[in-house]
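Have a look at the structure below, then the notes.
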Amino acid sequence: MSKTRISVIGYPRIGSLRELKFASEKYFAKEISQEELNKVAHELKLSNWHTQKNDGIDFISSNDFSFYDGMLDTAFMLGAIPERYKKLGLSKLDTFFAMARGYQEGGNDVTALPMKKWFNTNYHYIVPEFDDSTELALDATKILEEFNEAKETGTETKINVIGPYTFLKLAHYKGTKNLCAYAEKAANLYKELLAKAAEAGAKWVQIEEPALVHDTTADDRVLFEKLYKIVLDEKKLSVLLETYFGDIRDSYKTVTELPFDAIGLDFIEGKETLNLLQKEGFPKDKILFAGVVNGKNIWKNNYAKTIELVNKIKAATEAEVVLSTSCSLLHVPYTIRNEIKLSSDILKHFSFAREKLFELTDLSRIIDGKDPNSNLFNRNQDLFKNERVQENSVLASKINGLGEKDYTRLPAFEEREEIQKNALNLPLFPTTTIGSFPQTKDVRANRSAFKKDQITAGQYKEFNKNKIAECIKLQEELGLDVLVHGEYERNDMVEYFGENLEGFLFTEKAWVQSYGTRCVKPPVVWGDVSRKSAITVEWSTFAQSCTSAPVKGMLTGPVTILNWSFPREDISLKTQVLQIALAIREEVLDLEKNGIKIIQIDEAALREKLPLRHSDWHTEYLDWAIPAFRLVHSGVRPETQIHTHMCYSEFNDIIKDIDNMDADVITFEASRGDLTILSALKENNFRTQVGPGVYDIHSPRVPTVEEIVSAVKKMENYVPKQKLWINPDCGLKTRGEKETVASLKNLVAAAKIVRNE
Ligand code: GLN
Ligand code: ZN
1423 MSKTRISVIG YPRIGSLREL KFASEKYFAK EISQEELNKV AHELKLSNWH TQKNDGIDFI
1483 SSNDFSFYDG MLDTAFMLGA IPERYKKLGL SKLDTFFAMA RGYQEGGNDV TALPMKKWFN
1543 TNYHYIVPEF DDSTELALDA TKILEEFNEA KETGTETKIN VIGPYTFLKL AHYKGTKNLC
1603 AYAEKAANLY KELLAKAAEA GAKWVQIEEP ALVHDTTADD RVLFEKLYKI VLDEKKLSVL
1663 LETYFGDIRD SYKTVTELPF DAIGLDFIEG KETLNLLQKE GFPKDKILFA GVVNGKNIWK
1723 NNYAKTIELV NKIKAATEAE VVLSTSCSLL HVPYTIRNEI KLSSDILKHF SFAREKLFEL
1783 TDLSRIIDGK DPNSNLFNRN QDLFKNERVQ ENSVLASKIN GLGEKDYTRL PAFEEREEIQ
1843 KNALNLPLFP TTTIGSFPQT KDVRANRSAF KKDQITAGQY KEFNKNKIAE CIKLQEELGL
1903 DVLVHGEYER NDMVEYFGEN LEGFLFTEKA WVQSYGTRCV KPPVVWGDVS RKSAITVEWS
1963 TFAQSCTSAP VKGMLTGPVT ILNWSFPRED ISLKTQVLQI ALAIREEVLD LEKNGIKIIQ
2023 IDEAALREKL PLRHSDWHTE YLDWAIPAFR LVHSGVRPET QIHTHMCYSE FNDIIKDIDN
2083 MDADVITFEA SRGDLTILSA LKENNFRTQV GPGVYDIHSP RVPTVEEIVS AVKKMENYVP
2143 KQKLWINPDC GLKTRGEKET VASLKNLVAA AKIVRNE
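What follows is the structure, encoded as structure tokens:
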């Protein structure tokens, strides 16, 4: 019997200690040169290749690295670079960064391309843009250079590339031409790419087509076939068609009938994958890459279950089965070896990217009969013998007792809207911000000194209160209507709440890339969640004591806390979200009791875990996610105004569900995307008051007054002006102070202009 081969779809690239982030940010600040940045990148790639090679991975990727984002790399590869970026006359790398981050230098003023969530993950990709001047042409430099870089340093790689179907499907078409106009050309460029890769000595190219796990239409499948008939024509190397984040139930036949040499299927998130295989079979002349090690979770793989699964897979096909991760490991942290503070009793349950490599090796050994005395197997099974944590039975019975009235706020929206109008007495087009203010060096230093016990709790609080007082003063001077305390106590909107709730665990270095150079460090839901004591009340009441204007209390909602954590797998997501909702509900009621009149409950990540297949939306997600939000605020008085905030996603198709959250006001990202959301609001008679962001906070660019005025005027065509708020599109914590003040000044000036008209 030959060895069971193992494959990794992709490896994280930001660096185990976020080296790429820090180097890139230095490069942006012009503190290091392009060469120095390249050197850091080279070392990271090298370390990834060597790690995987030493761990015995048979299929190691190149081109899973990116300076910002893989979709943007693909846009570059195909020459889909909008004219306005080319015109800047910058170097290739700087043009690339201008598309990612915008460019406001030397009299130029170009905004960044929009960003969107990558399928059901918290990773964001740059949305490629096509217009009528787009002329596609292949630039394979990066791909070939990376392949050679790996080869020269001793690793033979498979070349990763996002496939034409996914790329074209996710792109934005601004001109008169649509996807079909570019399909044939794009396919020919991929064909050319394969030829060049073969010429360079590559044996495998991994073409990634995650868009196949979305619902596909007959036309989509025709398109897919048309593309790949061209791409695969005359190929001189092996092509692995890789899919992930779900199953390809509607395109399975199309895919298996095309001349791919191997097909990667997701057996973790793909509910139907095994079924498909058993029903439809799998061609024995192809290789099956079976995603059996979860690429998204942080829990140890249960070898008994996985081996049972692999046996079923093998029973369904005679093809070679390569064991693989279920998706790129981009979505998990590097290694548990960076975690010093957590005990080994805890860490033994975790598996990050590096440990998943070991799991693949272990599994292949066990399957090949190379686990003498079943040591590897038994050690793994010991982890699953006993319950990992004890149940909180009081909480369990509370959750069992929840009924319709716990999910319903009274009186109904329209009645509350009137009551709040009188109670709050805000002007037309009220201005506000989303919560955080710039997290300057001193703010971070204060938090870190407190964490390291270098200052007392008293000193820590005093610093933050001074900051809050300054922040309130600034907002009063700017003339904003609804103020915030600035969120100086939080490093992250989820981590902060996790730290203050029972049931969460924290890592020190378990960073995961969120977009570009930004990373998040998701908490781990370890046990049952409950509130230990008040969390934000002291900050919010202090802020309110500094001003007569209303200060918004600022909380993170249960769905976002869950979606941005690594969830448990021993109880359902629904139970976990209800536990968190009950805890945040206590905080809401506490804020209200302490005189806070407006409370914002952020649900930035509401859409994140929305199933990729339409038929699962309600039954598997919205039917518990929306009620969880309602449970958080259903207990407040009619005059207390509940806000929520969302970003980075398309809301159009769940607009009714969002309205059903029954918040009084919602602010969301609209400035970076297009304004289609506004038509969706109008069409659906959206009832909740709205603050569609009037400028993009993800870029340092300062919006002009005219720009904001025109954005608001556009909005007025869709939303009755009595329902419109004026605000940036997200929190300001990643921005500098100077640009923040300048932007908000313009925002308030714009509000005055539209009010006077
Ligand atoms: N209140 C948060 C902030 O302003 C919201 C962040 C977010 O939406 N991602 O930072
Ligand atoms: Zn936001």
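So the sequence shown is numbered by my numbering: it starts at 1423 and just counts up by one. The beta carbon of each residue, even a glycine, is placed where N, CA and C say it ideally should be.
task: Reducing DSSP to helix, strand and coil, say where Ile1841 ends up.
output: DSSP places Ile1841 in helix when its eight states are reduced to three.
- request: Assuming Phe2073 and Ile1983 form a contact by the criterion Cβ under 8 Å, report the distance between their Cβ atoms to the nearest whole angstrom.
  value: Not a contact, Cβ separation roughly 20 Å.
- prompt: When DSSP labels each residue in this structure, what does Gln2022 get in the three-state scheme?
  reply: The three-state reading of DSSP puts Gln2022 in strand, counting E and B together.
- prompt: Who pairs with Pro2114 in a beta bridge, going by DSSP?
  reply: Beta-bridge annotation (DSSP): Pro2114 is paired with Phe2090.
message: Check for me: the alpha helix (DSSP H) holding His1464 runs from which residue to which?
response: Residues 1456–1476.
- prompt: Using 8 Å as the threshold, is the region 1952–1968 in touch with the region 2016–2023, meaning 3 or more CB pairs across them?
  reply: Yes, they touch.
- request: Within the same chain, show all residues whose beta-carbon is closer than 6 Å to that of Gln1700, passing over the 5 residues directly before and after it, in chain order.
  value: Same-chain partners within the cutoff: Ala1738.
- prompt: From which residue to which residue does the beta strand (DSSP E) around His1546 run?
  reply: 1546–1548 is the span of the beta strand (DSSP E), which, as asked, contains His1546.
task: Give the single residue among Tyr1756, Asn1485, Ala1867 whose Cα lies nearest to the Cα of Thr1473.
output: If you compare the alpha carbons of Tyr1756, Asn1485, Ala1867 with that of Thr1473, the shortest gap goes to Tyr1756.
- request: Under the assumption that Phe1851 contacts Ala1593 (Cβ atoms under 8 Å), give the Cβ distance between them as a whole number of angstroms.
  value: Between Ala1593 and Phe1851 the Cβ distance is about 35 Å, and since that is not below 8 Å, they are no contact.
message: Quick check on Thr1854: does DSSP put it in helix, strand or coil?
response: Residue state, collapsed to three classes: strand.
- prompt: Is Cys1941 helix, strand or coil when you go by DSSP?
  reply: Reduced to three states, the DSSP call for Cys1941 is strand.
- prompt: Roughly how many angstroms separate the alpha carbons of Ile2148 and Thr1854, rounded to a whole number?
  reply: For the pair Ile2148 and Thr1854, the Cα-to-Cα distance works out to about 6 Å.
- prompt: Is it true that the CB of Gln1897 sits closer than 8 Å to the CB of Lys2155?
  reply: The answer is no: Cβ separation not under 8 Å.
query: Per DSSP, His1907 forms a beta bridge with which residues?
result: DSSP, once it has assigned bridges, lists no residue as partnering His1907.
message: So if I measure from each beta-carbon to every heavy atom of the ligand ZN and keep distances below 5 Å, which residues remain?
response: For the ligand ZN, the selected residues are Ala2026, Cys2069, Cys2152.
Contact test: Ile1856 Cβ vs the ligand GLN heavy atom, cutoff 7 Å: Yes, Cβ of Ile1856 sits closer than 7 Å to a heavy atom of the ligand GLN.
field: Inter-residue spacing [alpha-carbon to alpha-carbon] between Lys2031 and Glu1924
entry: It is roughly 23 Å from the alpha-carbon of Lys2031 to the alpha-carbon of Glu1924.
query: Does the ligand GLN have even one heavy atom less than 7 Å from the beta-carbon of Glu1911?
result: Outside the cutoff, so no.
- prompt: Between Gly1901 and Ser2132, what straight-line distance do the alpha-carbon atoms span, to the nearest angstrom?
  reply: One C-alpha to the other measures close to 20 Å.
- prompt: Comparing alpha-carbon positions, which option in Asn1985, Val2124, Glu2179 lies nearest Asn1530?
  reply: Nearest of Asn1985, Val2124, Glu2179 to Asn1530, Cα basis: Val2124.
task: Would you tell me roughly how many angstroms separate the C-alpha atoms of Arg2109 and Asp2081, rounded to the nearest one?
output: Per the coordinates, the alpha-carbon of Arg2109 lies some 7 Å from the alpha-carbon of Asp2081.
message: Which same chain residues end up closer than 7 Å to Asp2084 when comparing Cβ atoms and leaving out the 5 residues on each side of it in sequence?
response: So the qualifying residues of the chain are Arg1831, Phe1835, Arg2052.
field: For Ile1768, the nearest candidate out of Ile1685, Trp1721, Asn1868 (CA to CA)
entry: Measuring from the Cα of Ile1768, the nearest candidate turns out to be Trp1721.
query: Using a threshold of 7 Å, is the CB atom of Met1976 nearer than that to any non-hydrogen atom of the ligand GLN?
result: Of the heavy atoms belonging to the ligand GLN, at least one sits nearer than 7 Å to the Cβ of Met1976.
- prompt: Sorted by chain position, which residues of the same chain lie with C-beta nearer than 7 Å to Leu1659's C-beta, five sequence neighbours on each side aside?
  reply: Non-local C-beta neighbours of Leu1659 in its own chain, meaning closer than 7 Å and more than five positions away in sequence, comprise Leu1616, Ala1619, Ala1620, Ala1624, Lys1625, Trp1626, Val1627, ordered along the chain.
query: What residue from Thr1783, Ser1819, Ser2165 has the CA that sits closest to Val1430's CA?
result: Of the listed residues, the one whose Cα sits closest to Val1430 is Thr1783.
field: Close beta carbons around Thr1665, own chain, < 7 Å, minus the five adjacent residues each side
entry: Correct list, in chain order: Glu1631, Pro1632, Leu1634, Val1635, Gly1686, Leu1687, Asp1688.
For Asp2012 and Glu1813, the rounded distance between their alpha carbons: Approximately 26 Å between the Cα atoms of the pair.
- request: Give the straight-line distance between the Cα atoms of Ala1741 and Asp1480, rounded to the nearest whole angstrom.
  value: Cα to Cα, Ala1741 sits roughly 17 Å from Asp1480.
- request: Check whether the Cβ atoms of Phe1988 and Asn1719 lie closer than 8 Å to each other.
  value: Contact flag set, yes.
field: Reduced DSSP category for Asp1828 - H, G, I as helix; E, B as strand; rest coil
entry: In the three-state reduction of the DSSP assignment, Asp1828 falls in the helix class, which pools H, G and I.
- prompt: Quick one: does the C-beta of Met1537 sit closer than 7 Å to a heavy atom of the ligand GLN?
  reply: Checking every heavy atom of the ligand GLN against the Cβ of Met1537, none is found closer than 7 Å.
field: Alpha-carbon to alpha-carbon, Thr1678 and Glu1647
entry: One C-alpha to the other measures close to 11 Å.
- prompt: In the structure shown, what three-state DSSP assignment does Lys1706 receive?
  reply: Judged by DSSP in its simplified three-state form, Lys1706 adopts coil rather than helix or strand.
- prompt: What do you reckon, is the C-beta of Met1521 under 7 Å from a heavy atom of the ligand GLN?
  reply: No, the beta carbon of Met1521 sits no closer than 7 Å to any heavy atom of the ligand GLN.
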